[in-house]
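As given, the protein sequences belong to chains L and V, one line each in that order. In terms of this note's numbering, the first sequence has -5 at position 12, counting the first letter as 1, and numbering is strictly consecutive. In terms of this note's numbering, the second sequence has 415 at position 344, counting the first letter as 1, and numbering is strictly consecutive. Glycine included, each C-beta is placed from N, C-alpha and C at the ideal position. Below is one structure, written out as structure tokens, with a few remarks after it.
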Amino acid sequence: MIVDDHDGFRTFARGMLEAAGFTVTEAATGAEATEVARIAQPGLVLLDIQLPDFDGFEVARRLAAGPAGGPAPVVVLTSTREASDYGGRIAASPAAGFLPKDQLSGAVLRRFLARDPV
Amino acid sequence: MSRRRLAVLISGAIAAAGSLGWPPSPGYVPILICYEVIGLSFLVAGVAAWARWPASRLGLLFSIAGYLYLLPYILVNLANPVAFTIGNLSQGIYTAAVAQLGLAWPTGRLRSRFECGVVVFDYAQLIGFSVAAAMFWNPAFVGCTTGCPANVLLIGDGSRSDLDTVNTIGGLVSLAVTAIVLTLIVRHWRSARGWSRRAMLPLVWLAFAVGAEQIVTGSLLNLSLPSLVSFGLAPLVMLAGPVLFVISTVRARTAGGALGTAIVDLEPGASPDRLRDTLARALGDSTLQLAFRQPDGSGYLDTAGQAVDMGRPDPGRVVTRVAGPDEAVLVYDEGLELEPQLVRLTSAAASMALEHSRLQAEVQAQLEQVRASRARIVEAGDAERRRLERDLHDGAQQRLVTLSLALGMARDRAAADPELGSLIESASKEAREALTELRELARGIHPAVLTETGLAGAIQALVERSPVATTVTAVPGGRFLAAIEATAYFVVSEALTNVAKHAMADSAEVMICQRAGRLVVQVSDDGAGGARPEGGSGLRGLADRVASVGGVLRVDSPPGCGTRLEADLPCP
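What follows is the structure in structure tokens.
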């Protein structure tokens, strides 16, 4: 699941990931993300930190609780900024890791799914 | 000097010269010269008092006393029996004028009907007893036999015993009047306040000297005094009048000088309270009041909070407006009215000091406005930087990311065309580099990490990016005002940039601690030192930034001993 309020990014990211063999759902806000996750139960959530309602850390915390009693998805935080711009907040969140948006690729996400992020 | 005053002096001098012919024997010449000096000193004091205190009758009283003192000696020299007789019997009348002078000090006006009665009685008893004594006084009693004009009031050949009786009774009455006058003078002094009380103190002492002289030389005690004492003590004591005038003049001048010094010494922007105390001390008038018109126009209140009725001041008090926009008034003892110059000086000094205080307050207010305005400008600048960073993040950075992803996808799809693939790869690389540069630019405009995590995270991020090995020894974890956080961040950022660029240091250390309402930011290195805040190292701009939030920046950078930069910021 791609959670990002930027339509252009969602479109290209979806195209890239579908080409890499992923089945992709989308959400544009934090509230929408928890709702879609509850229904679609994605295995991995690419979660933008900067969202219009909640920030990515709060959404990650909610998703970590496991939507509708199902297994918690692997959450990968993402941003156009670098990880250092968020200090220790990324490490303190339940997310599996952080990926700068421009470095997105199917291969990188698969490594996250394998719990072996670069 | 006006013609009138000149005439008084000239006629006095003629009178003094004319009276020199009186001495019955050459041995009395020195004493007579003393008398001349005393008489003339009264006239000079009178003319000076007229000039200095035009509103007072003291000048007139001094002059009357001077003439009453000198005229008898002229009259006895006129070789005319009537003049000779009047001259002889009028020799002691000047004491009534002196008593009137003492009672009327310092305004020249007697204070009550009773005092007027005492003075009139004094003149009357002196004239009466002199006339009575003249009826029994034969000039031959003092060895004046040949060439001496006749005493026209003499009955028969006169009588020594009757003369002594009249003189003794007259002396007793004079003594009683003197006691009354002295008591009244002491009462005046005790009831006086402020300037008048201090101005009357010399008079009280001199009045007692006059009283003592009358007792010692008077006929009551009938002391067998040497002629030098009996004739010399009175002139010395009589000099008390002119001396009193000189003391009061010196005192007014001293007060004027003290006033000037006190105002010069008054600290800038002194409170009205302090100004009143200074003026009161300089004038020696503890009752001086400085009052201001209430903003609601309801009246005047002095610095102690007492209401001042401008229309009806307390008895013995005078109100004078102080020039200037403060609508202030001085309320002082009426005795000070005799010194219009001193009043003008006091009013001018008060006006100047108040104006100074007002300007000081205005400057202070303007300075506060400028400080607040500078802080607002810096805060607005910070807000604008945050907005710019956010816009870059939400706009250009997002588009470059999207572009980068699109180029990546295009490259994958152009695998069949290596030339096109290479071209797209080049474009993709350019897009990534542009994104990296844009990130750096955005971070320079405003560190997102500061907004996201606060000072601790932002400082850690700075330290991690620093090319010089840097350790953070302390940094508080809480959040502070945005302006304080941003200032502390920029201090560390600028300091670490300088360390990397100029210090040639091996290591650096950052310490931020919060103590006693202050946030102290310290960055030190082991580099070459020699950093100068006035140099072009950005330290001046940093000092301005620190000052904008009410902080202080200190730079300690001795050559060869590293640099220590400390910002002391308010931390409410």
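Helix, strand or coil at residue i according to DSSP, with G and I counted as helix
i	result
Ile(-15) of chain L	strand
Val620 of chain V	coil
Met381 of chain V	coil
Cys105 of chain V	helix
Ala602 of chain V	coil
Ile164 of chain V	coil
Pro83 of chain L	strand
Pro339 of chain V	coil
Ser628 of chain V	coil
Met582 of chain V	strand
Leu350 of chain V	helix
Neighbour-count burial assignment, residue i, 16 or more Cβ in a 10 Å radius
i	result
Ala75 of chain L	exposed
Ala195 of chain V	exposed
Arg510 of chain V	buried
Phe185 of chain V	exposed
Trp276 of chain V	exposed
Lys572 of chain V	exposed
Pro518 of chain V	buried
Arg447 of chain V	exposed
Gln377 of chain V	exposed
Gln593 of chain V	buried
Lys84 of chain L	buried
Ala175 of chain V	buried
Val101 of chain L	Since pLDDT at Val101 of chain L reaches only 48, below the 50 mark, its modelled position is unreliable, and no value is offered.
Arg324 of chain V	exposed
Ser342 of chain V	exposed
Short CB-CB distance (under 9 Å) between residue i and chain L
i	result
Val591 of chain V	no
Gly515 of chain V	no
Arg510 of chain V	yes
Pro339 of chain V	no
Ala557 of chain V	no
Pro518 of chain V	yes
Arg470 of chain V	yes
Glu535 of chain V	yes
Asp453 of chain V	no
Asp344 of chain V	no
Asp465 of chain V	yes
Contacting residues, own chain, Cβ-Cβ under 7 Å from residue i (five flanking each side not counted)
i	result
Gly173 of chain V	Val252, Ile256, Leu274 and Ala278
Ile102 of chain L	Since the first and last residues shown for chain L are -16 and 101, residue 102 of chain L lies out of range.
Leu96 of chain L	Gly26, Leu27 and Val57
Ala43 of chain L	Leu30, Val58, Leu60, Ser76, Pro77 and Ala78
Gly163 of chain V	Leu197 and Ser201
Leu416 of chain V	Gly327 and Leu330
Ala136 of chain V	Phe113, Tyr165, Ala168, Val169, Leu172 and Gly312
Gly4 of chain L	Gly89
Neighbourhood of residue i by C-beta, 8 Å cutoff - its chain only, sequence neighbours within 5 removed
i	result
Ala432 of chain V	Gly340
His8 of chain L	Residue identity differs from the one stated: residue 8 of chain L is Thr in this sequence, not His. So the qualifying residues of the chain are Met(-16), Ile(-15), Val19, Ala23 and Pro25.
Ala467 of chain V	Leu509
Ser62 of chain L	Asp31, Ile32, Gln33, Gly39, Asp68, Tyr69, Phe81, Pro83 and Lys84
Leu512 of chain V	Leu463
Pro384 of chain V	Val390 and Val402
Ala614 of chain V	Pro604 and Leu624
Residue-level contact to chain V via CB, residue i, 9 Å cutoff
i	result
Leu87 of chain L	yes
Asp36 of chain L	no
Ser76 of chain L	no
Val101 of chain L	Here Val101 of chain L scores only 48 on pLDDT, less than 50, and its place in the model is too uncertain to base an answer on.
Glu41 of chain L	no
Thr6 of chain L	no
Phe81 of chain L	no
Phe(-8) of chain L	yes
Ala(-4) of chain L	yes
Gln33 of chain L	yes
Glu65 of chain L	yes
Ala106 of chain L	Nothing in the structure corresponds to residue 106 of chain L, since chain L is present only between -16 and 101.
Gly26 of chain L	no
Residues near residue i by beta carbon distance below 6 Å, same chain, minus five either side
i	result
Asp627 of chain V	Arg635
Arg503 of chain V	Ser475
Arg456 of chain V	Ile516 and His517
Q) Using 8 Å as the Cβ pair cut-off and three pairs as the minimum, do the segment 62 to 78 of chain L and the segment 531 to 545 of chain V touch? A) The segment 62 to 78 of chain L vs the segment 531 to 545 of chain V: in contact.
Q. For the 8 Å Cβ check, are there 3 or more pairs between the segment 613 to 622 of chain V and the segment 559 to 569 of chain V?
A. Taking 8 Å as the limit for Cβ pairs, the verdict is that the segment 559 to 569 of chain V does touch the segment 613 to 622 of chain V.
Q. Between the segment 229 to 248 of chain V and the segment 204 to 221 of chain V, are three or more C-beta pairs nearer than 8 Å?
A. The way I'd put it, the segment 229 to 248 of chain V does touch the segment 204 to 221 of chain V; three or more beta-carbon pairs between them come closer than 8 Å.
Q: Could you tell me whether the segment 433 to 453 of chain V touches the segment 30 to 48 of chain L, using the rule of 3 or more Cβ pairs below 8 Å?
A: Note that the segment 433 to 453 of chain V does not touch the segment 30 to 48 of chain L; fewer than 3 beta-carbon pairs, one per stretch, sit closer than 8 Å.
Q: Count the CB pairs spanning the segment 344 to 354 of chain V and the segment 414 to 427 of chain V that are closer than 8 Å, and state whether there are at least three.
A: As far as the Cβ criterion goes, the segment 344 to 354 of chain V touches the segment 414 to 427 of chain V, which means the pair count is three or higher.
Q. Counting Cβ pairs closer than 8 Å, one from the segment 537 to 544 of chain V and one from the segment 576 to 589 of chain V, do we hit at least three?
A. Taking 8 Å as the limit for Cβ pairs, the verdict is that the segment 576 to 589 of chain V does touch the segment 537 to 544 of chain V.
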